[in-house]
Amino acid sequence: MIFFSKLNPAATDPRLIVNREHERRWLSGSLQQYLGNNDPENGRAYCVSGGKGVGKSILTRRVLDELRQVHSATTVFIEVDCRRCQSRRTVVARIAQGLLKELNSLKVKPELLSTAHILATIANFDSAKLKIVHQHIVQHRRAARLAGERSLLNFLALNFDISFDRTEKQQKALEGDVRFDAHRLLGALIELFHDVRRQGLHIVVYLDNIDELDHAAYRSEERREAVRTESEGLLELYAAPIALVLNMRTYYTDVLPRAISKVRVLEPLAGDDMLELLRLRMREEPAEINEALANPECRDALAKLAGLAKTPLAFLTWFEFLCEQGAPHSDSMTEGLGRFARTHFAALPSGVLRSVAAAFPTYDSMISREQLLAACNGNEAVFSQVQQHQVVLPVDFWNPIEFMLDPLLHFMLPSDQAR
Ligand SMILES: Nc1ncnc2c1ncn2[C@@H]1O[C@H](COP(=O)(O)OP(=O)(O)O)[C@@H](O)[C@H]1O
Ligand SMILES: [Mg+2]
């Protein structure tokens with residue numbers, strides 16, 4: 017058995033990227049255009065799209081890391097993973113917190129920091145007594161001295177009746193509740209971005225996994241509509257004076273507004289790139305692991321595995337699993353991968369994976385709902401499990417009538433047709 021000290025198939029260490037030069041240049045060049053433009057009203061939005069595990073996050077992280085090296089003194093970089101957020105509200109709150117943290121480390125003017133504090137504070141409330149809200153934010157009243165337009169403060173006064181102009185007595189006499197709904201909070205965030213930009217700073221916001229606000233929503237029309245409203249609301253950020261960088265699976269991209277037209281779709285990597293990215297990762301493993309893998313049988317098995325894998329995620333996941341059984345070997349690979357499928361999809365009745373995979377002639381086949389249901393012996397409950405465990409993924413999240421096989425199961429296709 018081989019147990020790795022560092023390897024993690026889902027980790028996206030930007031230093032370990034291979035290839036993608038073209039897409040990196042595109043994203044980096046586009047962002048540099050934004051960073052080189054000092055018009056405080058200027059904003060852009062970019063989307064890196066592609067299938068699950070194809071490399072959207074590692075590519076984006078790499079580009080942002082490189083830009084951070086050069087621009088961190090004058091640019092705020094904020095990253096939010098929507099997978100960990102239940103709603104657009106949470107995403108907005110995380111962005112507000114991220115902005116505050118960055119401004120803190122940039123040592124900006126105290127008035128600006130106080131302004132950012134106010135939004136980070138109210139973003140934590142769903143609804144609250146107006147009096148209580150004022151009690152919380154009076155400590156940031158320095159914000160009222162921010163030079164220039166003070167967009168956020170004006171917005172808060174207009175939309176939520178929050179203001180520093182009241183005397184202490186007036187504040188204590190305040191009645192009523194205030195509700196901080198997602199739409200107006202996002203509006204407030206955009207105003208704060210204006211305040212920050214007018215201080216000569218640039219802002220890059222990276223939203224990863226927007227498609228995972230509610231991944232299972234595609235299976236019910238009602239939830240689909242709800243998550244569409246959430247996502248479209250969030251994407252109104254494109255109107256902010258920031259560089260908005262999105263990562264989104266291709267099946268979700270129908271939600272992109274027309275104004276976000278700069279999209280790049282990542283294609284699968286070639287087998288040689290898979291072997292190279294593995295080599296880079298193995299350099300971080302101890303010598304005895306590298307020795308255990310340094311034999312012709314193992315190299316042969318890895319080349320086959322790289323040929324079967326359509327995504328680095330699938331390749332690394334299979335590789336890790338096989339190694340836990342011993343050094344990969346061509347003779348035992350089919351059996352090992354079979355064990356992987358049974359373990360990874362343990363909740364599914366045996367035989368279902370095989371019959372579902374058999375419904376897909378090639379890795380890029382799209383199969384109708386009816387065909388898949390037939391592969392599940394007409395059993396709706398089993399079909400539901402197949403979707404729940406992501407054995408198949410919809411081709412279009414918003415109109416889930418066709419499905420593709422998850423790349424983790426591509427080895428189940430007849431090998432001469434897998435490519
Ligand atoms: N071009 C690449 N070079 C090196 N590793 C990659 C590359 N693309 C993807 N990976 C690796 O594959 C896995 C999935 O990549 P990730 O960026 O998380 O995909 P996505 O965001 O598209 O789901 C991670 O372990 C990542 O490090
Ligand atoms: Mg990702």
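The sequence shown begins at 17 in our numbering and counts up by one. Note that CB positions come from ideal geometry on N, CA and C, so glycine has one too.
Does the beta carbon of residue i fall short of 6 Å from some heavy atom of ligand 2?
i    : result
K278 : no
In three-state terms, what does DSSP make of residue i?
i    : result
F419 : strand
L285 : coil
R435 : Caution is warranted here: a pLDDT of 44 is assigned to R435, below 50, making its placement in the model unreliable, and the coordinate value is therefore given only provisionally. Correct three-state label for R435: coil.
A383 : One point to set straight first is that residue 383 is Ile, not Ala, in the sequence displayed. I383: strand per DSSP, three-state reduction.
L260 : strand
R274 : coil
E95  : strand
H133 : helix
L364 : coil
D227 : helix
P30  : helix
H218 : strand
L318 : helix
G45  : helix
V407 : coil
R299 : coil
G66  : strand
Can you tell which of the options has its C-alpha closest to the C-alpha of residue i?
i    : options                : result
L291 : A317, R104, A136       : A317
S103 : A303, D347, E248, T359 : E248
N140 : Q85, E304, Q113        : Q113
C392 : T378, D380, A374       : A374
E118 : R99, K145, I94         : I94
I258 : A109, L217, A275, S384 : L217
T76  : L282, M17, A330        : L282
T266 : K185, T245, L369, D227 : D227
R40  : V79, P377, M17         : V79
Q215 : A233, A132, A362       : A132
V411 : A330, Y234, K22        : Y234
G203 : D181, S179, G323, Y254 : Y254
I138 : R239, L429, H156, L309 : H156
D3   : E241, D142, L250       : The structure shown does not extend to residue 3, since the chain spans only 17 to 435, so no value can be given for it.
G59  : T245, K278, A303       : K278
R297 : Y268, M264, E336, L208 : E336
L409 : A232, D288, E184, V220 : A232
Assuming residue i contacts residue j (C-beta within less than 8 Å), just tell me the rounded distance between them.
i    : j    : result
L128 : V212 : 7 Å
R280 : S88  : About 25 Å separates the two Cβ atoms, so there is no contact after all.
T327 : G67  : 6 Å
Any heavy atom of ligand 1 inside 6 Å of the beta-carbon of residue i?
i    : result
G354 : no
G69  : yes
T28  : yes
V372 : no
N393 : no
I258 : no
L32  : yes
L293 : yes
L119 : no
- Any heavy atom of ligand 2 nearer than 6 Å to the CB - residues listed: K72, S73, D224, N225, N263
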